[in-house]
Amino acid sequence: MSDTYLELVNSGFTAELAKRLGLPRPARLRRFRAGDQLVPGPVLVLADGAAGADADALAATLLDRDLDVRRRPDGDHRWGAVVVVLTGVTGPADLSGPALDLAGVLKKLAHGARVVTVSRAAAEATDPAAAAARQGVDGLLRSLAKELRGGATGNGLVLADGTAVTSPSALGALEFLLSAKSAFVDGQLLTVQGTGGHPPADPDRPLDGQVALVTGAARGIGAAIARTLARDGARLLLVDVPAAGDGLAAVANETRGTALQLDLTSPDAPQRLVEHVRSRFGHLDVVVHNAGITRDKLLANMTPDRWDSVLAVNVIAPLRVTEALLDAGVLGEAPRVVCLASTSGIAGNRGQTNYAASKAGVIGMVRAQAPVLASAGGTVNAVAPGFIETEMTARIPALTRQVARRLNSLQQGGLPTDVAEAIAFLASPQAGGISGQVLRVCGQNMVGA
Ligand code: NAD
C-alpha cells in the first residue's frame, strides 16, 4: 500500500503548497542500498567531560570504517551523524555541555542523519545523582527524536556497566543505528549487556552458512524478512499455512529457500517442524516467529474464537515451537530467536485486547526465555513494529489509516523491509550482547511507546 500523501508533499507544486499551508511533511526515509556510505556526511563525536577516552575509542573505530570523523563541531558541514558519548556523567549538570554542543549542530544535519547517544544504565547506578544523569539521557533522547526533521532519527545505546563501548555488540548496535537499515527506528534506547557476539567474517553476508526459520513467510513482513535474511547469506526454511501455499512457494523460489506448509497452531506442528529441520538441515541458527493474525473487536463484543485464535497463533505457537526446538537440541551453537511483538502490546489499542494480550505476552515470553537461551549460547528478542504498510494494515478503514500513519515522529508508516532489517540485525553474530529486549520499529509512535 503506497502513501500518496507522502509522495505529494515531496514532489512538484504540491510540495510547495503543503509548505505554505503548514501541513505535515513526512520526509522520504534514507533506506539501505548496497554500496551506499554508512552515513550521509561527516560524523561528529561529542562527549561529556569524563568520557573522552570512550569517545576517542569510538571515533577510532569509525575512522577505521573510512568515515570522515570529527571531534569538534567546527566547519561548514552537513553532518551525517552525531554520536554523543555520555558514559562519564556523574550528575545532571554533566549533561549540559554535550547537550548544548549538540544543539549547535542540529540545524546542520544532512537528510536522513542520525543522532545516537551512548550512555550507561541508570538502574546500575547506586549514587542518586549518577542515576539521575543516566536516566536524564532517556528524556533528552526521546524529546530530541520528536524535534528532528528531514528523516533524521535519534536513538540511544545503553551499556551495562562493564560493557566496553568497543565491545562487538555495542559496535554492531551503533552501526545499525547509524545506518540506513534503522530508517524507521526512532526515539528509543537499546540496552547492550556483556561481551557476547563477534563481528561477522563477511560484513556483507553476516549470516553466511547459517540456517534460518521464518514463520508466516508467504507475504508482508515475513516475505521481507525472508528476502533480507537471504541477502545476508542465510539458507531459509519458510513456513506458512497451506492456504497461503502459492505465496509461500513464490517467496521460497525467489530466496532459494525451502517451503513447509504448516498450520503452527495444529497440535503436532512443533514436532513436524523439528522432524523437518532434522531431515533437511540438521539444525537451525536463526528462528523468526513472525506468523501473526488480528481479529479485532471491542472486548464487550469479543467471541471465544476471536480471542483464542489470536492467542494461539501469536504467542502460544511461538512458545511451543521454541520449547520444542530447545528440547530436541536442534538449535545451533549461538542461536538467535526473534519474535514479532507490536506497539499495541506496549501501549494498548482500542479494539485489540486479544491482539495486545498476545503481543505483550510475546514481550514477557522473550524476557523469561533470555536466560534459557543464554545457557544455550544464544539470544532471544522481540521486535515491535508500529504502523507498517502491509495487507494487514491495508484492511484498516481509509481515514483511520491516514491518521494512524501520521501518529509518529516520522509522520509515515514503515515498510516491511524496515522490520526485516531490525530482525536481521538482532539475528547477526554481532548482536550477542542483546537479549530479552524489545526493539521498536515504529518511527517513535506518539501513542504510549
Ligand atoms: P500478514 O497477515 O500480511 O502475514 C502474516 C502471515 O502469517 C500470513 O502469511 C499468514 O498466512 C501467516 N499465518 C497466520 N496464521 C498462521 C498459522 N497458524 N501458521 C502459519 N502461518 C500463519 O501480516 P504482517 O502485517 O506481515 O505481520 C507480520 C507480523 O508482524 C505479525 O506477527 C503481526 O502481528 C506483526 N505486526 C504487524 C504490524 C503491521 O503494521 N503490519 C504491526 C505490528 C506487528
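In my numbering, the protein residues as written are 22 to 470.
Backbone N, C-alpha and C define an ideal beta-carbon position, used for all residues, glycine too.
If only complete runs of 4 or more residues are kept, the stretch 221-266 shows the alpha helix (DSSP H) at 241-252, in order along the chain. Annotated three-state conformation of G278 is coil, per DSSP. Where Q465 is concerned, there is no enclosing alpha helix (DSSP H), because DSSP gives it neither an H nor an E.
The stretch 353-408 is shown to contain whole alpha helix (DSSP H) runs of 4 or more residues at 365-368, 374-396, in chain order.
The C-alpha of E28 lies about 13 Å from the C-alpha of E37.
Shown here, N31 sits in coil according to DSSP, grouped into three states, outside any helix or strand. Secondary structure note for D85: its alpha helix (DSSP H) is the uninterrupted segment 73-85.
Shortest gap from the CB of A312 to any heavy atom of the ligand NAD: under 7 Å.
Contact annotation: G366 and V383 have beta-carbon atoms nearer than 8 Å.
Remark: the C-beta of R299 is outside contact range of the ligand NAD, defined as less than 7 Å to any heavy atom. Here T364 is near A405, since their CB atoms are less than 8 Å apart. In this structure, A381 lies away from L250, with their beta-carbon atoms at least 8 Å apart. In terms of Cα proximity to S164, the closest of A146, A152, D182, T138 is T138.
Here H98 carries a coil assignment [DSSP, helix/strand/coil]. If you compare the alpha carbons of S32, I409, I455 with that of R422, the shortest gap goes to I409.
If you look at A152, you'll find it in the alpha helix (DSSP H) that goes 149-168. Short of 8 Å from the beta carbon of G112, and not among the five residues preceding or following it, lie these beta carbons of its own chain, in chain order: A150, A151, A153, A154. DSSP lists no bridge partner for A419. Setting aside the 5 residues that flank it on each side, R293 is surrounded in the same chain by L283, each with a C-beta closer than 7 Å to its C-beta; the list follows chain order. Around the C-beta of E344, fewer than 16 other C-beta atoms lie within 10 Å, and the residue is accordingly described as exposed. Close CB contacts of T216 within its chain, under the 6 Å cut and outside five residues either way in sequence, are with S188 (chain order).
Rounded to whole angstroms, the separation of the alpha carbons of V334 and G303 is 26 Å.
Between G254 and L228 a beta carbon distance of about 5 Å is seen, short of the 8 Å cut, so the two are scored as contacting. Just so you know, the alpha carbons of S23 and A389 end up roughly 38 Å apart.
If you check the CB distance, G278 and L305 do not come in under 8 Å. Contact between G454 and T184 holds, since their C-beta atoms are separated by about 7 Å, short of 8 Å. Put simply, of T212, R252, V272 the residue whose alpha carbon is nearest the alpha carbon of G241 is V272. Contact annotation, L123 with V106: C-beta distance approximately 11 Å; criterion of less than 8 Å not satisfied. When only Cα atoms are considered, Q465 and H98 end up about 27 Å apart.
With a threshold of 16 other beta carbon atoms within 10 Å, E442 meets it and is buried. The alpha carbon of S200 has as its nearest neighbour, out of A452, F53, V393, the alpha carbon of F53. Here the stretch 170-179 lies against the stretch 208-215, with 3 or more beta-carbon pairs under 8 Å apart. Within 7 Å of the C-beta of P406 there is at least one heavy atom belonging to the ligand NAD. In chain order, A201 place their CB closer than 8 Å to the CB of D57, counting only its own chain and leaving out the 5 sequence neighbours on each side. By the Cβ test, the stretch 346-360 is in contact with the stretch 390-398, since at least three Cβ pairs between them sit closer than 8 Å. Residue side-chain check: S23 keeps its Cβ at 7 Å or more from all non-hydrogen atoms of the ligand NAD.
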